[in-house]
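So the sequence shown is residues -5 to 131, counted in the numbering used here.
We put the CB at the ideal spot given by N, CA and C, even for glycine.
Since this is a predicted model, take the numbers as computed values, not measurements.
Inspection log for the structure reproduced underneath, given as structure tokens.
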Amino acid sequence: MRKAAEVSTRRFSSIILIVIIVVLALSLAALYQAYELFVLNDPNMGYYLLIGIIGLALSTYMLFQTRRQIRKFTLKSPPIVTTIICPECNFKNIRNFERGDYILKELGQCTKCKGKMMISAIYREVKEKVKEEKVFT
Ligand SMILES: [Zn+2]
């Protein structure tokens, strides 16, 4: 699912990039036209100058927006971790989730008391600030 999202993001950004390049090219052409009219002392050069500046600003703005969007899309989702405990001595071990992990699965010997280790929890490690709970009194 994450791969599909990445592919669509890449496709989306490449289309945007083409649009930006086209707008950039058009605005540069307008600026060049404005320069030529300026040399000829044509009063219409103001229009071309305006179009060129707007186009340039627009393409720059879109470029920044797209970069921000891509960064938002490629944010890594927090890792899933597996907590393994030894019920005998409460020795706790946390490692990354592996395929086939499930809660209460036995995982070999405890390094401390040679008891049986088992998975006690599987969860996504969220590194967000804990929101303060409002207490109504
Ligand atoms: Zn133990």
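Classify residue i as helix, strand or coil using the three-state DSSP reduction.
i: SER71; result: coil
i: GLY94; result: coil
i: THR54; result: helix
i: LEU44; result: helix
i: THR60; result: helix
From which residue to which residue does the beta strand (DSSP E) around residue i run?
i: LEU34; result: Run containing LEU34: none; DSSP gives neither H nor E here.
i: LYS110; result: 110 to 118
i: GLU100; result: 100 to 103
Segment contact flag, the segment 83 to 100 with the segment 109 to 123, C-beta cutoff 8 Å, min 3 pairs: yes
For ligand 1, residues whose Cβ lies under 5 Å from any non-hydrogen atom: CYS80, GLU82, CYS83, PHE85, CYS104, LYS106, CYS107, GLY109
Sufficient close CB pairs (3 or more, under 8 Å) joining the segment 74 to 88 to the segment 45 to 61: no
Segment contact flag, the segment 29 to 40 with the segment 10 to 21, C-beta cutoff 8 Å, min 3 pairs: no
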